[in-house]
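Inspection log for the structure reproduced underneath, given as structure tokens.
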Ligand code: DNO
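Residue numbers (our numbering): 9 to 351.
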């Protein structure tokens, strides 16, 4: 079992993560290396050393962000892909076996409400496509909830304009171009690539999103049909689409050995392109985590797993979705399920 840690700026110290029963691995990244630059091996070593000193192990890098020029297929992509390969080689040298990344244009995961009150007095992340339509992008990403806000107004408008020429099929071409070059390097370096599904799993702001459904994950693994080209099975992202049969998808991808990382959380769909996050247990949301874990176990999954977003409970304040308490409850719940399946 692993737990995400945002490095020295994370309000949760490694010492607290160490006290969550059964959590031995940490999922982290070098957050201050500019996107597109190769990650220095010494920096990764230092991060790994800090985590080792806390009695844990750096198990997964999440993420090395993919530069927009690669997703746009611009001529600069070759240099950027070479840098990406260097970062993967550095991971291999330091002994980190899994890389979680995504191929979402401009925005990573996105919510329209970071603190939706639930009846029990906790708050959760929520998404509603109608609220998204009211969001104002004219001032850049500064006001948007969710992740490292990155673009000023002019820069964002220019990027959105550049994507007008990139529809879903072109984005697939650009993903294939990237993976054809990166997967062989990952394979040689002993690193498994695990693409994160798009979250939410549909186009936003007119930008294509292509990793949303079972058939997309199938197409992804076939783009470069090598064991190192796999997925992060994120139950929350995929679970926001009612026609995604998560246990079936997990079974299929697990059978062919392409699930390299599992993100486990739960969501409740409340309308068309509208959902909110819930506590992890199956009975409290729309995702049957018991059935997903059963599929993972039946197909021999042995990779890292982490509890994904939690609610804010017990008065905790912190990084939306990434508080300590509810994720720790998730970690123990998931281990209970797993133990139940193993006995
Ligand atoms: C959200 C995360 C994502 C994920 C990236 C992977 O909480 O699961 O931001 O880290 O999409 O590249």
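Glycine included, each C-beta is placed from N, C-alpha and C at the ideal position. Computed from a predicted structure; not experimentally measured.
Per-residue DSSP class, three states only, for residue i
{"i": "residue 98", "result": "helix"}
{"i": "residue 10", "result": "strand"}
{"i": "residue 91", "result": "helix"}
{"i": "residue 33", "result": "strand"}
{"i": "residue 19", "result": "coil"}
{"i": "residue 76", "result": "helix"}
{"i": "residue 107", "result": "strand"}
{"i": "residue 269", "result": "strand"}
{"i": "residue 2", "result": "Outside the displayed span of the chain (9 to 351) sits residue 2, for which this structure offers no information."}
{"i": "residue 374", "result": "Only positions 9 to 351 of the chain appear in this structure, which leaves residue 374 out of reach."}
{"i": "residue 63", "result": "coil"}
{"i": "residue 143", "result": "coil"}
Residue closest to residue i, alpha-carbon to alpha-carbon, out of the options
{"i": "residue 192", "options": "50, 32, 97 and 305", "result": "97"}
{"i": "residue 145", "options": "48, 296, 128 and 167", "result": "167"}
{"i": "residue 62", "options": "263, 73 and 22", "result": "22"}
{"i": "residue 272", "options": "340, 238, 232 and 228", "result": "340"}
{"i": "residue 80", "options": "172, 68, 34 and 289", "result": "172"}
{"i": "residue 14", "options": "249, 345, 326 and 338", "result": "326"}
{"i": "residue 344", "options": "251, 106, 298 and 113", "result": "298"}
{"i": "residue 158", "options": "123, 133, 113 and 139", "result": "113"}
According to DSSP, residues forming a beta bridge with residue i
{"i": "residue 282", "result": "136 and 279"}
{"i": "residue 3", "result": "Examination of residue 3 is not possible in this model, given that the chain is present from 9 through 351 alone."}
{"i": "residue 239", "result": "203 and 267"}
{"i": "residue 215", "result": "212"}
{"i": "residue 314", "result": "271"}
{"i": "residue 121", "result": "134"}
{"i": "residue 7", "result": "Because the chain spans 9 through 351 in this model, residue 7 falls outside it and cannot be assessed."}
Exposure label - residue i; buried when at least 16 CB within 10 Å
{"i": "residue 39", "result": "exposed"}
{"i": "residue 143", "result": "exposed"}
{"i": "residue 95", "result": "buried"}
{"i": "residue 52", "result": "buried"}
{"i": "residue 263", "result": "exposed"}
{"i": "residue 129", "result": "exposed"}
{"i": "residue 131", "result": "buried"}
{"i": "residue 311", "result": "buried"}
{"i": "residue 16", "result": "exposed"}
{"i": "residue 335", "result": "buried"}
{"i": "residue 251", "result": "exposed"}
Interface flag, residue i vs chain B, CB-CB below 9 Å
{"i": "residue 113", "result": "Absent here is chain B; the protein component of the structure consists of one chain."}
Is there contact between the region 201-217 and the region 176-192, where contact requires at least three CB pairs shorter than 8 Å? yes
Sufficient close CB pairs (3 or more, under 8 Å) joining the region 300-317 to the region 255-262: yes
How do the region 267-275 and the region 198-206 stand: do at least 3 beta-carbon pairs fall below 8 Å, yes or no? yes
Just checking, does the region 89-105 make contact with the region 292-301 on the three C-beta pairs under 8 Å criterion? no
Looking at C-beta atoms only, is the number of pairs between the region 278-288 and the region 312-322 that lie closer than 8 Å three or more? yes
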